[in-house]
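What follows is a single structure, written as structure tokens, with notes after it.
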Amino acid sequence: MKKTPGYKKIELLSNDKIVEFIVTQLAENQTMLDVLLALEDFYKANISTTQQSKIKGIKMEIAALKNTLIKTNQRKAEYVTLIEEQEQMKKLGITNAF
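Everything in the sequence shown is counted per my numbering, starting at 11 for the first residue and increasing by one.
This is how it looks when you write it as structure tokens:
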């Protein structure tokens, strides 16, 4: 949402800082995903068979998080490509392309 303080803060950053921010966020979320997977395995492995039917797994949530990380990585790559293309256009003296 363009009117949020977070969006405005990111909008003021340079392209390099934006990419750095995205890479950092992706790494943190990947770490969180690994921890969630480990916790899921730990709790399922260390529970009695009588309690297993009462435990609801988080596989759907983990799958959603994985898909979000994949899409975010794709969009990051698209963004980096667009920025590189804009820089090449500026070097060539073409400014009306975007």
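Ideal Cβ positions, reconstructed from N, Cα and C, are used throughout, including at glycine.
Keep in mind it's a predicted model, so treat the numbers as computed, not measured.
Nonlocal neighbours in the same chain, by C-beta distance under 8 Å from residue i, ignoring five residues either side
i, result
"Gln-62", "Lys-54"
"Gln-40", "Leu-79"
"Val-90", "Val-29"
"Leu-23", "Phe-31"
Contacts around residue i, its chain only, beta-carbon distance under 7 Å, and the 5 residues preceding and following it disregarded
i, result
"Ile-57", "Ile-65"
"Tyr-17", "Met-11"
Proximity of residue i and residue j at Cβ, strictly below 8 Å
i, j, result
"Ile-68", "Leu-43", "no"
"Leu-36", "Asn-83", "yes"
"Asn-25", "Ile-104", "no"
Residues near residue i by beta carbon distance below 6 Å, same chain, minus five either side
i, result
"Lys-86", "Ile-32"
"Leu-75", "Leu-43"
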